[in-house]
Each structure stands twice: as structure tokens, then as C-alpha cells.
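Residue numbers (full-length UniProt numbering): 1 to 450.
Taking it in order: structure first as C-alpha cells, then the write-up.
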């Protein structure tokens, strides 16, 4: 009989034994519950299936992370009898699986400089709550921010190899493509004016996930060896241009364009790739006209892409109010998540804006949010996160992975028009960008030792 201490070893027989024992216990428990009438047959079968998948994921937590990423495009659906979304429930399960993996396999916790910069920013955000006018609101969102830091930690630890990185990118791509029929169908049936997976979902955040999945498809095309998988990834990425257009997020359009430009800059055959990218966009625009997918909202939003004062959002006026808030609190800000709280007071004092501006507005700019709520100190710490991700691997300029640069440009540009600080998209992009550099640094060090 195998010694008990071998259960915690890292050899293949050890983990197979652990998984086998776990499966036997769980299946036996479900059968007993079914026999005594505790569970109905479908519930028992579903419970066994889910728990078996979780037990298998203990060996490779990256599979759980890939599943989590595949669900990001449908984030916002609430589970029954639980005060949380389906993505949060899956996130909790995946995080628990990863912790079990760390304990059972004795893995060392990986902490990079970007994570440390994020922790410092989190600490300053918590300190700023001390002078917040509404600490309850700040405390609720602060808990969310702390959970997102844990998502960052989970990502950089679950991804151990470049194969793991490709798996996560595949999860993003397949999830966005699988949910795209929902968004396009809702748009075609005129149920909603802007495409997203379901009516209650924020189209801006949906479009960001679609844009991220588009870059995932391009990455897989450049890294996979199988020609069928490569061109399938490219075709799926090209298809995502359609729901990206129909989501009508001008900020995401600009951010995606900036990311594409960064990608093209890092390619060798730039002219050919620029022509191909232009052809894909032209084909997507033609498809929207040919399929009669153009509505008034799409035309209006596209026509005022660079105009700040032409719509009811009035972001420019909001930023004028933010300027006054920052001028009164330049060093430490008004406190984390306090911009909507103090906005009404400063709005009445800003004479150069419209009188009918809607109260309790968000900043619509993540940098202005950091500056007004946490002052110059908070803004500097926030920018430090990006710099840490950019210099994570201490790589020479020519050795920095293009996917890392593209993701950083994409997320930094998206922050100019969308408040993304408390979103999974933001911290996942940072984690993937920094992890890509870490993997490249490891590969470079291995090549130098040969």
C-alpha cells in the first residue's frame, strides 16, 4: 500500500491516486444521497459531473481559469437563490480549486512587480476611504477591487507555461464567439439598440471582452502550429468584428484600433497586414449594410465618434466638473468611489456646463477617476501599475512579446472613455500582459543557458 505521505507528492501516481479517491468518495456520496431520497436523479448526476470536473481541475487550475474567461462575455446573469452573478460563482470555485492545487502540490506562490504595484494601489484606495463622505459605498466597491486583485494573482499563478497561456486565450475567443449569436440575434430582432449578450448587460463592457477575444484570436493564429487551428482562429477573430461594431462602443472601437496598430507595428510584413486588416473592417461594415443591421443609434454614434459635446452623455462637461473636484483636492482626492457622491455639489458650482446634466455621473475616464478620488498620489500609483506590467520581464525592446504591448495599449486606451478599474477585463488584461513578459523572460533565459 502506498504510504500516506506520498499522497502529497508531485509525481504522476500521487495525483492520479488523489483524483481517483476524490471521485470515488464523491460518486459514493451522491449514490447514497440518491438512494435515501436526498437528491433527485438529474440533480445527483449534475452534482457528480460538476464535482468530478472540479476534482480534475485541481491538477490543472488553468482549465478552470479558461472556463472563467470563456464566460466573461455573458457576465451579469444572476444565479437563482444566490446574491451573485454566475461569473462570480465560477470565480469562487476556480479560486478554491487553485488554492487546493497550491496546498496539495506544494506550489510556491508567484508574485510579480505588477501585483505588488496593484497591492500598493489597493492599500492607498483603502486609506482614502478614511476621508470619504459615504464610506459604505466605498467599502462595498473596495471589496470588489480586492477580489479583482485576487483574480490577478490567480491568473499569473494558474498560467505556468506558454501552452497554458494559449489555453486561456482560446477560452476568451471561444466564449466570445459562442455568445455572439445572442448579441447579434437580439440586435437583429430590434429588442436592443446596441448588441450585447442579454438586455441588462452593459454594452461597453461586452464590447471590451469581444475586443480582447479578437486579439486572442490573432495571438492564436500567430502561435499555433496546426494550420487548420491557425486559420480557424483567424476566421473567428475576423467574425468578432461584426458584434464589435454592433455593440456601438466608440471607446472600444478606438481602443481596438490602437491595439491593431500596435500589433501591425510589431509585424514584419506591415503593408500586407495593414491591407488585410483594412479589408476585414471593410467587409464587416459592408456586412452590416448588406444584412440591414444599420440603425439610427449606430449611425449617430459613428458620426460623432470624435465629438465630445454632441450626445447626452456629455463626458466633456463631466470632466469639467472633475477638474473642479481635483483642483480642490489635488493631493489625496475626495476618497475612493466618492466622485458620484460629491458630483452634484460641484456640478452646481460649474457654470460653464449645461443645466440639464444628469446627476450622480461616473467619470467615464479611469485616469480622471483615480485623480479625483485618490488625488495625485493615487494617479501616480495607478500609472505605476501599467509601467510595472510593461517592464515586468526586464526585456530588451526587441524581445517584448507583441501580445503584451497590444494588451497594454488596448486597456490603457479603453480607460480613456470607460471606468474599468472595478472590472475583470481590466485586471485580466494586466495579468495576461505581465505574464506574457514573464514567460518570454523565462524562455530567453533558457535559450541563453543552452
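We put the beta carbon where it would ideally sit given N, CA and C, even for glycine.
- Straight-line spacing of the CA atoms in residue 281 and residue 412 works out to 22 Å.
- A direct Cα-Cα distance of roughly 16 Å separates residue 396 from residue 433.
- Restricting attention to 250, 139 and 237, the CA atom closest to the CA of residue 205 is found in 250.
- When the beta-carbon positions are compared, residue 393 and residue 445 stay at least 7 Å from each other.
- Here the C-alpha atom of residue 165 lies approximately 29 Å from the C-alpha atom of residue 271.
- Inclusion of residue 322 and residue 368 in the CB contact set at 7 Å is warranted, their separation being smaller than that value.
- With a cutoff of 7 Å on beta-carbon distance, residue 120 and residue 381 are scored as near each other.
- Taking C-beta atoms as the reference points, residue 103 and residue 57 fail to come closer than 7 Å.
- With 16 or more other Cβ atoms inside 10 Å of its own Cβ, residue 101 counts as buried.
- Annotation: residue 172 to residue 195 spans about 18 Å, alpha carbon to alpha carbon.
- Note that the region 424 to 432 touches the region 140 to 157; at least 3 beta-carbon pairs, one per stretch, sit closer than 8 Å.
- A residue is called buried once 16 or more other Cβ atoms fall within 10 Å of its Cβ, and residue 133, having fewer, is exposed.
- Taking all protein chains shown into account, residue 168 has 16 or more neighbouring C-beta atoms within 10 Å of its C-beta and is therefore buried.
- Here residue 159 carries a coil assignment [DSSP, helix/strand/coil].
- Excluding its 5 nearest sequence neighbours in each direction, residue 399 has C-beta neighbours in its own chain below 7 Å: 440 and 444, listed in chain order.
- Taking 7 Å as the cut-off, the beta carbon of residue 213 is found no closer than this to the beta carbon of residue 255.
- Buried is the label assigned to residue 378, since at least 16 other Cβ atoms lie within 10 Å of its Cβ.
- Looking only at 74, 362, 118 and 324, the smallest Cα-Cα distance to residue 349 is reached by 324.
- Of the candidates 113, 66, 152 and 215, the residue whose Cα lies closest to the Cα of residue 384 is 113.
- Of the candidates 448, 376, 442 and 437, the residue whose Cα lies closest to the Cα of residue 128 is 376.
- Per DSSP, residue 438 is one residue of the alpha helix (DSSP H) stretching across 424 to 449.
- Ranking 315, 389 and 329 by CA distance to the CA of residue 364 puts 315 first.
- Annotated as proximal: residue 141 and residue 337, with beta-carbon spacing under 7 Å.
- With a 10 Å radius around the Cβ and a threshold of 16 neighbouring Cβ atoms, residue 163 comes out exposed.
- Annotated as proximal: residue 182 and residue 197, with beta-carbon spacing under 7 Å.
- Taking C-beta separations shorter than 7 Å and ignoring five residues to either side along the sequence, the partners of residue 211 in its chain run 244, 252, 255, 256 and 410, following chain order.
- Spatial neighbours of residue 332 in its own chain (CB-CB distance under 6 Å, excluding positions within 5 residues in sequence) are listed in chain order as 375.
- With a threshold of 16 other beta carbon atoms within 10 Å, residue 419 meets it and is buried.
- Beyond the five residues adjoining it in sequence on each side, residue 266 comes within less than 6 Å, by CB distance, of 402 in the same chain, given in chain order.
- Residue 226 and residue 236 have their C-alpha atoms spaced approximately 16 Å apart.
- For residue 347, the number of other beta carbons within 10 angstroms of its own is at least 16, and it is reported as buried.
- Between residue 158 and residue 65, the C-beta gap is smaller than 7 Å, which places the two residues in contact.
- DSSP places residue 223 in the helix class (H, G or I) of the three-state scheme.
- Here the C-alpha atom of residue 186 lies approximately 11 Å from the C-alpha atom of residue 246.
- For the options 217, 275, 274 and 242, the alpha carbon positioned closest to that of residue 289 is the one of 242.
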